[in-house]
Structures are given as C-alpha cells and as structure tokens.
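Asks: Following this message is one structure expressed as structure tokens.
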Amino acid sequence: MELVLFLPAAALALAGALGVVTARRPVHSALALLAVLVALAFLYLLLWAPFVAVLQVIVYAGAIVVLFLFVIMLLHMQPGEPPREDLRLQRPAAVALGALFLAGLGAVVSGGRSAAPAARLPTAAPPAAGFGSPEAVGEALFTRFLLPVELAALLLLIGMVGAVVLAKGALAVRVPSPAARPAESTEEEPNARAPEAVAAP
Amino acid sequence: MTVPLAYYLVLGAALFAIGMTGVLVRRNALVVFMAIELMLNSVNLTFVAFARTLGTLDGQLAVVFTIVVAGVEVVVGLALIVEIFRARRSVNLDEVHLLRG
Chain C
1 MELVLFLPAA ALALAGALGV VTARRPVHSA LALLAVLVAL AFLYLLLWAP
51 FVAVLQVIVY AGAIVVLFLF VIMLLHMQPG EPPREDLRLQ RPAAVALGAL
101 FLAGLGAVVS GGRSAAPAAR LPTAAPPAAG FGSPEAVGEA LFTRFLLPVE
151 LAALLLLIGM VGAVVLAKGA LAVRVPSPAA RPAESTEEEP NARAPEAVAA
201 P
Chain E
1 MTVPLAYYLV LGAALFAIGM TGVLVRRNAL VVFMAIELML NSVNLTFVAF
51 ARTLGTLDGQ LAVVFTIVVA GVEVVVGLAL IVEIFRARRS VNLDEVHLLR
101 G
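Chains C and E, in that order, are what the protein sequence lines are. The numbers in this note's numbering rise by one with no breaks, and the one at position 99 of the first sequence is 99. The numbers in this note's numbering rise by one with no breaks, and the one at position 82 of the second sequence is 82.
Structure below.
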C-alpha cells in the first residue's frame with residue numbers, strides 16, 4: 001500500500017537528480033533540484049517525519065533553491081550558448097566511477113550473494129503517537145541536544161556575517177575606484193598612489 | 001511498515017552516487033553546489049529512514065543539523081561564487097584553479 005506512494009516519489013527523485021546533473025543550463029538544474037527536494041519531503045512524510053518534511057520544504061525548497069535561482073539570475077548566465085565544459089577523459093571516467101560506487105552501495109544494501117542483511121534489518125513497529133512531530137523533535141532538541149543547537153545558531157551567525165563580509169568587501173573595493181580614478185591609465189595608478197600611501201601614516 | 005528499509009537505502013545510495021558523479025562531471029560551480037546538495041539530501045533520507053525503522057528520533061535530529069550546515073554552506077559558497085565571478089567573469093571551475101587573488 002505504501003509502495004504505491006513510495007515508488008512515484010522515488011522515481012521523481014531519481015529523475016530530478018539525473019536532471020540536476022545532466023541539464024545544460026543552471027536554471028534547469030535548479031528546477032530539477034526543486035523536484036528532488038519536494039519528492040524527498042513527501043518521502044519524509046511517508047516515514048513519519050512531518051517536522052523534517054516541513055523543514056525540508058521551508059529551508060531547502062523555499063530558501064536554498066531560491067538563493068540558487070537568485071545567484072543564477074545575478075550572474076546573467078542565460079543568454080547565448082552555455083559555455084562548453086570540455087572534459088574529454090574525465091567525463092566517462094567519472095560516470096564509470098559513479099556507476100561503480102552505486103553498484104558497491106547496492107551490493108552492500110542488498111546483501112551481496114547470500115544471507116541478505118537487508119532481511120535482517122529490524123522491521124519497524126508503528127511508532128508512538130506524535131513521533132516526529134514538532135513537539136517531539138523540539139523537546140529533544142532543547143533538552144538532550146541543547147549544546148548542538150546553540151552551536152548551530154552560532155554557525156548560522158558566522159555564516160551570515162561571512163556572507164555579509166564577502167559582499168561588503170567587494171563594495172568597499174568597488175565604490176571608491178570610479179570616483180578616485182582620474183583619466184589615467186591603470187598602469188600608472190600604483191605609481192601615482194604610492195606617495196599618498198607613504199605619506200598617510 | 002510496508003516499504004522495506006532497503007528501498008530507502010537504495011534510493012539514498014542512488015541519489016548519493018548521482019550527486020557524486022555530478023561533482024566529478026560538471027565544471028559549473030553552481031551545478032557542482034547543487035550536486036553537493038543532492039548528496040546531503042541522500043544522507044538525510046537515510047537518516048530519516050533509520051529513525052523510522054529504529055523508532056528513535058535521533059536520525060531526525062541529525063537531519064535538522066544537516067540542514068543547518070547545508071544552509072550555511074550554500075550562503076557562504078554562493079557569496080564566494082559571486083565574488084569569483086566578479087573578479088574573473090566566470091564560474092567555470094577549470095578557470096579558477098589559481099589559489100591567489
């Protein structure tokens with residue numbers, strides 16, 4: 001019964017993943033990534049993890065993919081032919097390596113020749129009421145996992161400050177340059193600026 | 001649980017392999033980042049599947065932290081990509097191989 005719900009979502013996730021890798025334009029890759037994320041959110045619901053599913057949709061599909069789309073738009077990569085990615089020898093080697101990796105993981109999961117460890121995996125009982133709900137996850141996060149939560153908050157702060165510093169550094173370099181540059185060629189600029197730098201301190 | 005755990009594990013492994021191949025194959029920095037996101041998501045799926053099977057919440061808690069790290073990584077990485085694009089007018093990873101400003 002659940003298989004009817006699982007198989008289309010899994011097929012959508014796999015097709016979207018292939019689309020992310022094979023799409024020629026980054027925009028199409030981002031949209032395919034969105035399909036993967038939505039399919040995985042559906043699978044999380046199937047796995048009794050509604051909080052993680054909501055988090056997936058809000059953070060991944062809502063924020064990260066939009067950030068990707070924003071950066072793609074910012075970089076103006078749409079018009080014209082996409083730049084060629086010339087990888088003559090690496091591309092088949094990478095595909096072969098990926099297939100080998102997939103075969104190895106599949107062999108491990110399916111149990112190889114015999115004994116079938118997959119059959120020895122524990123079968124799940126129906127979980128308790130409220131399993132995976134925001135209440136249960138939040139209660140575990142703020143009792144047993146309080147220190148990691150604080151560290152995650154610190155990490156988010158560091159990431160935000162880092163992104164701001166990267167963008168601000170570019171502004172600080174870019175803004176004075178048109179105003180401070182006279183009608184000279186750029187090669188003479190270090191020589192012209194050197195006396196100021198010496199006299200400044 | 002009518003869907004066996006192995007199905008979820010195989011799906012996660014396939015997604016991880018596709019993401020890894022994408023990192024190796026593509027040279028566009030943005031697409032490489034998306035492939036990394038794919039790998040992180042496959043790990044998340046494995047975590048949630050194990051949490052469901054074992055009946056504990058720990059896998060789902062790990063997913064929360066994975067999502068936090070993925071968000072930070074994407075924000076800082078995209079800022080770096082924008083900076084590199086401003087400096088070099090390209091996001092092709094083969095053209096930004098010099099580790100100097």
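Virtual Cβ for every residue (Gly too), placed ideally from N, Cα, C. Model, not experiment: these values are computed from the prediction.
List, in chain order, every chain E residue whose beta-carbon is nearer than 8 Å to that of L31 (chain C).
Replies: By Cβ distance, chain E contributes nothing, its closest Cβ being about 10 Å from L31 (chain C), past 8 Å.
Asks: Taking 7 Å as the threshold (beta carbon to beta carbon), is R89 (chain E) in contact with chain C?
Replies: R89 (chain E) does not count as touching chain C.
Asks: Given that a residue counts as buried once 16 or more other Cβ atoms are within 10 Å of its Cβ, and exposed if not, what is E135 (chain C)?
Replies: That one is exposed.
Asks: The alpha helix (DSSP H) with P127 (chain C) in it runs from where to where?
Replies: Element bounds for P127 (chain C): n/a, residue is neither H nor E.
Asks: Candidates C:V71, C:L75, C:V59 and C:M73: which alpha carbon is nearest V69 (chain E)'s?
Replies: Here the closest residue by C-alpha is C:V59.
Asks: Can you give me the Cβ contacts of V31 (chain E) inside the same chain, cut-off strictly under 8 Å, excluding the 5 residues immediately before and after it?
Replies: Cβ neighbours of V31 (chain E) beyond the five flanking positions: G22.
Asks: Of all the residues that make up the segment 19-35 of chain E, which are near chain C by a beta-carbon distance shorter than 8 Å?
Replies: Of all residues in the segment 19-35 of chain E, G19, M20, T21, G22, L24, V25, R26, R27, N28, L30, V31, F33, M34 and A35 have a Cβ within less than 8 Å of some Cβ in chain C.
Asks: Compare the C-alpha of Q56 (chain C) against each of C:L40, C:R25 and C:P26 and name the closest.
Replies: Minimum Cα distance to Q56 (chain C) is reached at C:L40.
Asks: Let me check you understand the geometry: is the CB of A13 (chain E) closer than 6 Å to at least one non-hydrogen atom of the ligand GTP?
Replies: The ligand content of the structure shown is nil, which means the ligand GTP is not present either.
Asks: Assuming G12 (chain E) and T46 (chain E) make a contact with CB atoms under 8 Å, what is their CB distance in whole Å?
Replies: About 4 Å; that satisfies the 8 Å criterion.
Asks: Give the interface partners of I81 (chain E) over in chain C, defined as CB-CB distance under 7 Å, in chain order.
Replies: Per Cβ cutoff of 7 Å: V71.
Asks: Taking the alpha helix (DSSP H) that L15 (chain E) belongs to, which residues open and close that run?
Replies: Its alpha helix (DSSP H) spans residues L5 to V25.
Asks: From this set, E:V72, E:N92, E:S42 and E:G77, which residue's C-alpha is nearest L157 (chain C)'s C-alpha?
Replies: Looking at the Cα atoms, E:V72 is the closest of the given residues.
Asks: State yes or no: is the C-beta of A32 (chain C) within less than 7 Å of the C-beta of L38 (chain E)?
Replies: No. Outside cutoff.
Asks: Have a look at the DSSP bridge pairing and note the partners of N44 (chain E).
Replies: DSSP, once it has assigned bridges, lists no residue as partnering N44 (chain E).
Asks: Give me, in chain order, the residues of the same chain whose beta-carbon lies closer than 7 Å to that of V137 (chain C); leave out the 5 immediate sequence neighbours on both sides.
Replies: F51.
Asks: Considering only residues of the same chain and omitting the five flanking positions on each side of P201 (chain C), which have a CB-CB separation below 7 Å?
Replies: Note that P201 (chain C) scores 41 on pLDDT, short of 50, meaning its location in the model is unreliable and no value can be drawn from it.
Asks: Note down, in chain order, every chain C residue with its Cβ under 8 Å from the Cβ of T2 (chain E).
Replies: Chain C residues near T2 (chain E): M1, E2 and L3.
Asks: If you draw a straight line from the C-alpha of T2 (chain E) to the C-alpha of S133 (chain C), how long is it?
Replies: Cα-Cα distance, rounded: 21 Å.
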